[in-house]
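See below for the structure under consideration.
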Ligand SMILES: C[S@@+](CC[C@H](N)C(=O)[O-])C[C@H]1O[C@@H](n2cnc3c(N)ncnc32)[C@H](O)[C@@H]1O
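As structure tokens, then:
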């Protein structure tokens with residue numbers, strides 16, 4: 176590993192500029208790349224890949240997030256596709272990692288979708304960050320419960336979307352176990368993690384997501400998954416990451432929103448999967464490796480992968496679980 180100072184000395188490039196390049200904050204000219212490659216003894220083409228080291232990551236911790244099995248999923252992606260669809264986008268680990276130029280993302284969770292909408296609009300984006308900074312500076316147990324209780328207010332749904340998005344991100348970063356869970360009335364009900372300080376966002380990651388959204392054709396919706404994939408055509412790719420089927424003989428987390436996702440919903444999803452497959456759409460679906468899921472998708476390719484369960488209110492419930500990645504190609 177070479178220090179910034181040493182690289183600056185070898186390449187003749189200012190150290191501050193090297194720091195900005197490392198953080199992906201500035202565009203680099205070919206001349207700079209040539210100087211860096213000479214100093215590092217690397218081929219220019221190797222350095223051309225540098226921006227890929229600055230991948231986008233989810234801006235929320237989401238139950239069922241796919242960050243830890245992302246490499247396994249990526250190996251199974253179709254080689255080519257036209258439009259990307261992710262109807263249960265959640266934290267969007269795969270979507271943000273592969274950054275497709277044209278995508279249709281969707282989730283039934285309105286608070287989450289508000290946050291994606293803010294990332295797509297310059298004005299809302301800066302209002303969102305300002306509000307997050309405010310939450311960070313005011314953070315205390317009292318502040319947490321005050322913000323948590325906002326969804327009980329009659330005017331909650333009339334609040335500007337950046338305020339609701341900031342509330343969701345702040346609660347996600349400061350609540351116990353970092354999950355988004357609502358009760359039967361649809362109220363967020365997770366207790367505070369009792370942190371002294373809270374960091375609600377990584378500015379570089381947020382900036383990258385905002386830039387990606389402004390340079391790409393991203394359609395964001397908040398509706399049922401079935402409607403969200405209606406437009407998918409032959410040659411498009413849909414990645415389904417629904418709430419998990421309940422593990423055989425265990426309880427599982429499925430309460431992202433007040434409508435739970437039970438066996439009937441899993442069966443409806445399997446019907447949608449079959450219809451899209453007949454249309455020639457390329458499909459991938461992940462879920463728990465249960466008998467029920469294996470039965471629903473027995474006509475497709477079922478790959479078993481091991482994953483660590485990261486979110487569970489009971490620490491004993493953490494450990495390895497088997498997941499399936501089901502493709503029709
Ligand atoms: C397993 S999570 C997705 C995880 C995500 N892929 C990630 O990497 O973080 C499932 C998502 O489905 C959403 N959801 C639940 N029921 C839905 C429905 N009927 N239509 C669309 N989205 C739904 C939940 O709000 C939740 O965000």
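Numbering (my numbering), first residue to last: 176 to 504. Backbone N, C-alpha and C define an ideal beta-carbon position, used for all residues, glycine too.
When you measure from the CB of residue i to every non-hydrogen atom of ligand 1, does any distance come out below 8 Å?
| i | result |
| --- | --- |
| residue 481 | no |
| residue 203 | no |
| residue 417 | yes |
| residue 242 | yes |
| residue 329 | no |
| residue 283 | yes |
| residue 253 | no |
Just confirm the distance between the C-beta atoms of residue i and residue j, as a whole number of angstroms; I'd bet it's less than 8 Å.
| i | j | result |
| --- | --- | --- |
| residue 234 | residue 352 | Contact doesn't hold; Cβ gap of about 17 Å is too wide. |
| residue 413 | residue 451 | 6 Å |
| residue 497 | residue 481 | 6 Å |
| residue 475 | residue 502 | 7 Å |
| residue 393 | residue 278 | 5 Å |
| residue 376 | residue 336 | In fact, because the Cβ distance is near 16 Å, the residues do not count as touching under 8 Å. |
For residue i and residue j, what's the separation of their Cα atoms in angstroms?
| i | j | result |
| --- | --- | --- |
| residue 419 | residue 272 | 22 Å |
| residue 232 | residue 473 | 33 Å |
| residue 338 | residue 306 | 7 Å |
| residue 184 | residue 209 | 15 Å |
| residue 221 | residue 213 | For residue 221, the pLDDT reaches just 47, beneath the cut-off of 50, and the residue's location in the model is therefore unreliable, leaving the point undetermined. |
| residue 290 | residue 340 | 5 Å |
| residue 263 | residue 269 | 11 Å |
| residue 253 | residue 187 | 43 Å |
| residue 439 | residue 312 | 45 Å |
| residue 329 | residue 361 | 13 Å |
| residue 194 | residue 333 | 43 Å |
| residue 371 | residue 318 | 12 Å |
| residue 458 | residue 383 | 28 Å |
Considering just the uninterrupted stretch of the alpha helix (DSSP H) at residue i, what are its terminal residues?
| i | result |
| --- | --- |
| residue 311 | 297–313 |
| residue 289 | 285–294 |
| residue 460 | Not the alpha helix (DSSP H): residue 460 falls in the beta strand (DSSP E), residues 457–463. |
Across which residues does DSSP place residue i in a beta bridge pair?
| i | result |
| --- | --- |
| residue 392 | 277 |
| residue 324 | None, per the DSSP bridge assignment. |
| residue 415 | 460 |
Could you please give the first and the last residue of the uninterrupted beta strand (DSSP E) stretch that includes residue i?
| i | result |
| --- | --- |
| residue 251 | Taken as a continuous stretch (DSSP letters only), residue 251 belongs to no beta strand (DSSP E), as it is neither H nor E. |
| residue 367 | Here residue 367 belongs to no beta strand (DSSP E), and DSSP marks it neither H nor E. |
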